[in-house]
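Below is one structure, written out as structure tokens; the observations come after it.
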Amino acid sequence: MGNYIKDRKPDTDEWMPFSGLEDSDTLPAGDIYVPLEEWLKNREALLTRNSRLGVLLNNTDDPAALVPDLDRLDLVVLEFPKMADGRAFSQARLLRERYGFTGDIRATGDVLHDQLFYMQRCGINAFELGEGEDLTSSLKAFDEMTITYQPAADEEFPIWRRDGK
Amino acid sequence: MYQYSEQDHQLLLERVEQFRGQVQRRLKGQLSEDEFKHQRLRNGLYLQLHAYMLRVAIPYGLLSAEQMRTLAHIARKYDKGYGHFSTRQNIQYNWPKLEDVPNILDDLAAVEMHAIQTSGNCIRNTTSDPLAGVARDEVEDPRPYCELIRQWSTFHPEFNFLPRKFKIAVTGAVGDRAAVAVHDIGLKLIQGPDGENGFEVYVGGGLGRTPMIGKLIRKYLPKEDMLTYLEAILRVYNQLGRRDNLYKARIKILVHETGEEKFRKLIEAEWQQIKATGLYLREQDIERIKGFFKDPDYQELPDTDADFENLLLSDPEFGRWADKNIDQHKQSGYRIVYLSLKSVNQPPGDVTADQMDAIADLADKYSLGQIRTTHRQNLVLSDVQLKDLVPLWQELKALDLATPNYNHLTDIISCPGLDFCALATARSIPISQAITERFDNYDFINDLGDLSINISGCINACGHHHVANIGILGVNKKGEEVYQLTLGGSAREDASIGKIIGPAFGADQIVDAIGDVLGVYLENREDPEETFLTAYRRLGQAPFKEKLYG
Amino acid sequence: MALQVYTASLLKEGLVAYLCLEDGASSWTSDIRGATAGDGDLLETLKIAAEKAERDNLIIAPYVVDVLEAENGWKATTKREQIRADGPTIALPRDASAASTTDEGRKAA
């Protein structure tokens, strides 16, 4: 597991990902997250677990599929298969702004220093940094830019409507 | 024009510092080229055939005299003494050193300019009508909307890693001088059924290897809904646009493959969800930005001037320039003046540092201190009083900026081509120069009337050859540069994609071939009023083919 | 098979450069005519030197170019590489203060 940041601080990742081999009754104890497909298939069994639960969305999954379950989930994991693939930015905003998800949204994959600013604006608050990324310099990325123009998960209004304007 | 707020300034300074850090890390070897490439490309810095190239944004083509002087200063201090105005109203420098770029960006920031989002798969600089605010055929000034789009799109957190680059153009006039039909999104201000102004929304236009005219996705969008609707389009594109094939990643392919009707429904469905969010533009939001683009204090002047009219009669050279490079202004006693960057002596769109400084001075002296860039790679002084036309012309002539050819044969759009571009497969500029030299004859150009020739040096079509009346596409065929001709394109309100007429011509044949095409038009036109495009649309390819290939 | 030279762009300046190997020491020149051309083992040696220069952050993206022997040294075989070696085939715009004439140096298409 690479470097992990949560809520702008270094953190320990306590979540176990579904490895793809387990049946629902052989899953390890503790907090786990599973792919959407697995979630939809074994939802009832998973909900009986005495642990926190998360779901991993592929870039092509519609976050709307999770809406009925969002209040029972503590984590949604979004994938950045490569830096140039920005589909998860939209998924994150939909989860936060449209569906009101308040648990953790985690970015995994090619998660690089220079994307962190955009990711946090879209509502992602946990980051599995990509290979070779430096934790210390990555922590600074959140504050390199302080001006934002448009509404996103962190701002309801565009710059021209803030401060009661 | 728009004046930066403290926050706008702050954003530029932070961005320059961020980039300076990235450059330092790269020069020290702490960043690999692969990592750095993404970062420099987010700041308009390419590596071209001979050197780095820096593309500087000119928001909707509007420059102050002070900004133009800074562009001259950069050309002189950090480059080879010139700059190149592009078809997206930006300026490009062909020879900056990497270590100088942060300093260049500092100099730009001091005059409210930058290179943000001039490359990369993000929303690029919004382009517009170079006659915005002064055109007689204008429904409403598009610039306040361009500025709102600029702010909304700058560092948009959701849309910075799109499937592909994304270009938006806005016009507020009946005549289309911003080529809105060949942009990813084209917005056209119209008067709606309720008497209020709003937008026609075109989506999925573009050139490149699959040229397409944008589809009218919404016939009327209230202007208050502009940004929420754009956000809906971008969100659908970000999620559904193809990422498996670079050449199928533009939104035009998504629109095409999804089908116009279904695509429209997807947009409408997404828009319904967000139309009432904070991005909805209240009247005061629009009015505040409009305040930056108010009409200047025009003087009440008669629409006549004795010196001007006398010289028109007595000096044929002045008459030729006035006929071609002056346009009507909405205000009596004022004219719009085109500065031709298509002299026989310089590559299309190129301007030297001394010329830039002189243009800035002329803008201050004669045109309220502003300059506009056009997508056909010329410049405009938009507010010149009739009485100033004669002295302005004399100064422009001395600067080699008074070639009387606006929207005529030798007003050629040309991409940099293989002389500069790492992607090009053939040269463009030498062909444009050869055409200009061959037909450097006012009477001939004048007789041909309204006509466009555009040249691209590869299939990516930066020279917009598809939408020229006569388009030239340079390709590499077994190591030789050869040139395909397309006829019948238009980038205006009657936009169309030109058709390839037949096999390509060698570099030594292409100018003759153009001559033949022009000859067929002159022989077959119904009268001198019938333009090349109208005649071609009436005649079809046959007579041109016959002449070219026998 | 044609001989080949190694070319790249200098990291700091972005300018075109060609690899020279002399007495085991490598350097980069802007002049293709003075580059070291080779095949087989020599080309392998050039490759190692080029890759080292890339790791040392001197140059970017090295690759090989086919060359032929011309009057004054090596000459690239493709139009693209000839233009890359010799610069634009058109006269760059220059101010009167910076150049004598604008026509000078313009070459035919």
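Chains as they are written, first to last, in numbering that gives the first Met the number 0: chain D, 0 to 164; chain L, 0 to 549; chain V, 0 to 108.
For glycine and all other residues, C-beta sits at the position ideal for the given N, C-alpha and C.
Within 10 angstroms of the Cβ of residue i, are there 16 or more other Cβ atoms? Answer buried if so, exposed if not.
i	result
L/Gln-91	buried
D/Ala-44	exposed
L/Asn-440	exposed
L/Ser-366	buried
D/Pro-9	exposed
D/Glu-13	exposed
D/Thr-107	buried
L/Pro-415	buried
L/Lys-214	buried
L/His-54	His is not the amino acid found at residue 54 of chain L; the sequence shown has Arg there. Buried, since its Cβ has 16 or more Cβ neighbours within 10 Å.
L/Ile-452	buried
L/Gln-88	buried
D/Arg-71	exposed
L/Lys-166	buried
L/Lys-264	exposed
L/Glu-230	buried
L/Asn-244	exposed
D/Ala-85	The sequence given here places Gly at residue 85 of chain D; Ala does not occur at that position. Answer is buried; the Cβ neighbour count reaches 16.
V/Ala-107	For V/Ala-107, the predicted model reports a pLDDT of 37, less than 50, meaning its position is unreliable; a value from the coordinates is still stated below. By the neighbour-count rule (16 or more Cβ atoms within 10 Å), V/Ala-107 is not buried but exposed.
If you run the structure through DSSP and keep just helix, strand and coil, what is residue i?
i	result
L/Met-211	strand
L/Met-67	helix
V/Gly-37	strand
V/Lys-74	strand
L/Trp-320	helix
V/Glu-53	helix
D/Phe-79	strand
V/Glu-68	strand
L/Leu-11	helix
L/Asn-254	One detail in the question is off: residue 254 of chain L reads as Val in this sequence, not Asn. Reduced to three states, the DSSP call for L/Val-254 is helix.
L/Pro-221	strand
L/Gly-82	strand
L/Tyr-535	helix
D/Leu-72	coil
V/Glu-43	helix
D/Glu-96	helix
D/Ala-151	strand
L/Gly-290	helix
Using DSSP bridges, identify the partner residues of residue i.
i	result
L/Val-169	L/Ser-127, L/Leu-186
L/Met-52	L/Tyr-45
L/Lys-247	Its beta-bridge partners do not exist; DSSP assigns none.
D/Met-15	D/Ile-31
L/Ala-454	Looking at the sequence provided, one finds Ile at residue 454 of chain L rather than Ala. Beta-bridge pairing links L/Ile-454 to L/Ser-413, L/Ile-471.
L/Ser-31	For L/Ser-31, which the question treats as bridged, DSSP gives no partner whatsoever.
D/Phe-126	D/Ile-4, D/Ala-106
V/Thr-28	V/Tyr-17
V/Gln-3	V/Gly-37, V/Asp-65
L/Pro-61	Here residue 61 of chain L is Leu; the residue named in the question, Pro, does not match the sequence. L/Arg-371.
D/Pro-9	D/Ile-4
L/Ile-444	In the DSSP output, where bridge partners are listed per residue, L/Ile-444 has none listed.
Looking at the unbroken alpha helix (DSSP H) that takes in residue i, where does it start and where does it end?
i	result
V/Cys-19	V/Cys-19 -> not in any alpha helix (DSSP H); beta strand (DSSP E) instead, spanning 15 to 21.
L/Gly-197	Premise fails: L/Gly-197 lies in the beta strand (DSSP E), 196 to 202, not in any alpha helix (DSSP H).
L/Tyr-548	541 to 548
L/Gln-393	388 to 397
L/Ile-266	259 to 273
L/Ile-428	428 to 437
L/Ile-509	509 to 523
D/Met-118	115 to 120
L/Asn-309	305 to 313
L/Trp-151	142 to 152
If you follow the beta strand (DSSP E) that residue i is part of, which residue opens it and which one closes it?
i	result
L/Leu-278	No beta strand (DSSP E) holds L/Leu-278; DSSP gives it neither H nor E.
L/Leu-104	Per DSSP, L/Leu-104 belongs to no beta strand (DSSP E); it is in the alpha helix (DSSP H), 100 to 109.
D/Val-54	52 to 56
L/Gln-91	90 to 92
Sorry if obvious, but does the Cβ on residue i come closer than 7 Å to a heavy atom of the ligand FMN?
i	result
L/Ile-148	Questions concerning the ligand FMN fall outside what the structure shown contains, since it holds no ligand whatsoever.
(message) Please give the ranges of any beta strand (DSSP E) in the region 324 to 383 of chain L, keeping only runs that are unbroken, at least 3 residues long and fully inside the region.
(response) Complete beta strand (DSSP E) runs here, min 3: 325 to 327, 333 to 338, 349 to 351, 369 to 372.
(request) Within the region 476 to 505 of chain L, note down every full beta strand (DSSP E) run reaching 3 residues or more, in order along the chain. (result) Correct list: 479 to 486.
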